[in-house]
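Positions in the sequence shown are counted from 1; adding 695 to them yields the working numbering. Below is one structure, written out as structure tokens; comments come after it.
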Amino acid sequence: MAKTITEETWAKFQPSKQEDTFPKLLKQNYYKWGEKKVAYRYKDYGYWRELTWKDFYERTKWLAGGLAGLGFGPGDKIAICGENAPEWFWGQTAAQCLGGASVGLYTDSIPSELQYVIDHSDAKVVMVDDQEQVDKILSIKEQIPKVEKVIYWIAKGMWNYDDPWLIGFDDMMEMGKDYENIHPNFFDEKIDQTKTDDVAVLLYTSGTTGLPKGSMVTYRNLLSLFNGWDAALPWNEKDENLSFLPPAWVGEQIFTVAPNLAKGIVVNFIEKAETVRSDLREIAPGVILLGARQWEMTCSEIQAKMIDSPFWKKFLYNLFLPVGYKIAQCQEERKRVSWLWRFLFFFGYWTVFRHLQDKIGMTRTRTPITAGAALSPDNFRLLRAIGVPIAQGYGSTEVSGLDVLQLEKNYYRSEGSGQPFPGVEVRITEDGEILLGGVGVVQGYYKRPEETEKSFKGGYFNTGDGGYMDDEGELYIIDRVRDMQTMKSGEKFSPTYIEGRLKFSPFIKDA
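And the structure:
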């Protein structure tokens, strides 16, 4: 069952240049595209505004200059808390260009949660978006003595704040311009000093079994894993992405930051959380990652809409849905789809399913992915039936993101999680625990040597999940090892699986 991590495996999926880093890729893209190509789009009062690679480079440079003026340097950390926005990524990249790392914070965290991560990570600077987050940070000022400055990028409501600990984003940019005037070549020089084995980001787990643990993720981890992704599911510079996952989560780092810098894809930032669905329809990204709960809500929305639809729409849906299910069944069973079923599905697609795909923003999506908790087989089949080639993925923060994915568009296992990406190794222990090894395994947990020793052994990460692999190399996840239950026959089962089947009903909100 075990596979060996060979030198050839490691070498094949290393960064294209042994010293590639996010800052070096930014510099490369700036000199390659400058003002000729869009790097980011963001929505401003309903209109999409564009930022080129020149904008990305210069604003990151000025912010880095401001940070350098504060004494920020190699090994230092910047903790960032805010909604998805260009400023979030500029803050992260500016710190990385100076040899530092970013620490992602979740916007819904309470002050005590922010205090622990900021203090434990030794963050020197904190960067937040608005007044709400500033107030949280001010409430814990005495508990985070290592923080020397707090930067905010939305000035609304901040006019009466006169604490010298705080500084606005625009003021930081002006400081950076002054720093550049004194040190004209500092930015490129600092970028050239970054190394592929430097820690790029500290990503803290949710801490469901104790205090949050900060995974030390390097450029090698992220770029090697992304190169494996790109080898299996190629990206190109014309791809569009929608940024709405929390940047503090590894999924946003591997799905947005890495392809943006490594391949030059355009990142589109949502206007606000409430506009995700409409923004998704406008962009219709080629690759999208959603959690199982979000896909379940999408499926419930599809079914609810059809229940309330006019008679003729409902008739066509009920007429062609069995055709879609037949196609999905053939894909799952690896059977050839006859020309008759393909012909019927063609009509179903253009009369019903295309409209449904447009409603959920999937008309141009070639790789829709579900990760996190397992998506129920019923929801999986429904999405496949309407022509959404959804794929199940599996991974964790400790292995830099998704390491396992269903790679074949016309074949899937509704209860499987796919095959390991190139450069990823999977081992199943005697008690059924899944171990992941290879290019994505992080350096360990920051300042937690005992936890690191416990969870990382021999180049593998102990996931704590139970599962197995079939003869075709498909990985199946049962549940957390501690949550699995055993029947009288000795066979293990997952209560979560049963709950997922129940939640497929549009009349059941939760189970």
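Glycine included, C-beta positions come from ideal geometry on N, C-alpha and C. None of these values were measured; they are calculated from a predicted model.
Tell me where the alpha helix (DSSP H) around residue i begins and ends.
i            : result
residue 1174 : Run containing residue 1174: none in the alpha helix (DSSP H); it sits in the beta strand (DSSP E), 1170-1175.
residue 835  : Careful: residue 835 lies outside any alpha helix (DSSP H) and carries neither H nor E.
residue 851  : First-last for residue 851: undefined, no H or E at that position.
residue 993  : 987-1002
residue 1022 : 1006-1027
residue 1080 : 1072-1080
residue 745  : Here residue 745 belongs to no alpha helix (DSSP H); instead the beta strand (DSSP E) covers 742-747.
residue 1052 : 1049-1054
residue 883  : 881-887
residue 931  : No alpha helix (DSSP H) contains residue 931, which DSSP labels as neither H nor E.
residue 1148 : 1144-1150
residue 973  : 971-978
residue 875  : 864-877
residue 1035 : 1034-1043
Please report the distance separating the alpha-carbon of residue i from that of residue j.
i            : j            : result
residue 890  : residue 1043 : 53 angstroms
residue 968  : residue 999  : 22 angstroms
residue 1003 : residue 901  : 39 angstroms
residue 802  : residue 787  : 16 angstroms
residue 705  : residue 919  : In this prediction, residue 705 has a pLDDT of 44, which is less than 50 and means its spatial position is unreliable; what the coordinates show is noted afterwards. Approximately 9 angstroms between the Cα atoms of the pair.
residue 1134 : residue 777  : 30 angstroms
residue 727  : residue 748  : 9 angstroms
residue 845  : residue 782  : 14 angstroms
residue 824  : residue 849  : 5 angstroms
residue 1017 : residue 1136 : 43 angstroms
residue 858  : residue 847  : 13 angstroms
residue 697  : residue 993  : At residue 697 the pLDDT is 36, less than 50, meaning the model places this residue with poor confidence and gives no usable figure here.
residue 1206 : residue 926  : 39 angstroms
residue 991  : residue 1096 : 21 angstroms
residue 863  : residue 774  : 16 angstroms
residue 1023 : residue 1048 : 14 angstroms
residue 956  : residue 761  : 23 angstroms
residue 1094 : residue 1010 : 47 angstroms
residue 1073 : residue 983  : 20 angstroms
residue 1117 : residue 961  : 25 angstroms
residue 1013 : residue 718  : 52 angstroms
residue 1163 : residue 818  : 40 angstroms
residue 1174 : residue 1194 : 12 angstroms
residue 1029 : residue 1036 : 15 angstroms
residue 964  : residue 869  : 25 angstroms
residue 943  : residue 746  : 23 angstroms
residue 715  : residue 915  : 8 angstroms
residue 1061 : residue 840  : 48 angstroms
residue 822  : residue 1092 : 22 angstroms
residue 769  : residue 912  : 16 angstroms
residue 1105 : residue 1084 : 8 angstroms
residue 1008 : residue 1046 : 9 angstroms
Going by the C-beta, is residue i closer than 7 angstroms to any heavy atom of the ligand HEM?
i            : result
residue 1067 : Looking for the ligand HEM in the displayed structure turns up nothing, as the structure carries no ligands at all.
Just curious, the beta strand (DSSP E) that residue i is in, first and last residue?
i            : result
residue 1129 : 1128-1133
residue 1163 : 1155-1164
residue 736  : 733-739
residue 953  : Here residue 953 belongs to no beta strand (DSSP E); instead the alpha helix (DSSP H) covers 953-958.
residue 964  : 961-964
residue 822  : 818-823
residue 1066 : 1062-1066
residue 724  : Per DSSP, residue 724 belongs to no beta strand (DSSP E); it is in the alpha helix (DSSP H), 717-728.
residue 1098 : 1096-1100
Roughly how far, in whole angstroms, is the beta-carbon of residue i from the beta-carbon of residue j, given that I think they are within contact range, below 8 angstroms?
i            : j            : result
residue 1090 : residue 1068 : With 8 angstroms as the limit, residue 1090 and residue 1068 do not qualify as a contact, their Cβ atoms being about 13 angstroms apart.
residue 867  : residue 985  : Between residue 985 and residue 867 the Cβ distance is about 34 angstroms, and since that is not below 8 angstroms, they are no contact.
residue 1153 : residue 1080 : Between residue 1080 and residue 1153 the Cβ distance is about 43 angstroms, and since that is not below 8 angstroms, they are no contact.
residue 1169 : residue 1082 : Not a contact, Cβ separation roughly 23 angstroms.
residue 720  : residue 751  : Not quite, the Cβ-Cβ distance comes to about 11 angstroms (not below 8 angstroms), so this is no contact.
residue 820  : residue 765  : 7 angstroms
residue 937  : residue 947  : Not really, about 11 angstroms apart at Cβ, beyond 8 angstroms.
Looking at C-beta atoms only, is the number of pairs between the region 938-955 and the region 895-909 that lie closer than 8 angstroms three or more?
yes
Given 8 angstroms, three or more beta-carbon pairs between the region 783-794 and the region 873-891
yes
When you compare the region 823-835 with the region 930-940, are there three or more beta-carbon pairs, one atom per stretch, that lie closer than 8 angstroms?
no
Check whether the region 973-989 and the region 1044-1060 are in contact - that is, three or more C-beta pairs closer than 8 angstroms.
yes
Taking 8 angstroms as the cut-off, does the region 1157-1177 touch the region 1127-1137 (at least 3 CB pairs, one atom from each stretch)?
yes
In the region 775-807, which residue ranges form an unbroken alpha helix (DSSP H) of at least 4 residues, counting only runs that do not cross its ends?
781-792
Do the region 853-860 and the region 871-879 touch if we need at least three Cβ pairs shorter than 8 angstroms?
no
Segment contact, 8 angstroms Cβ cut-off, at least three pairs: the region 1090-1100 with the region 1031-1042
no
Are the region 813-827 and the region 736-744 touching, with three or more C-beta to C-beta distances below 8 angstroms?
no
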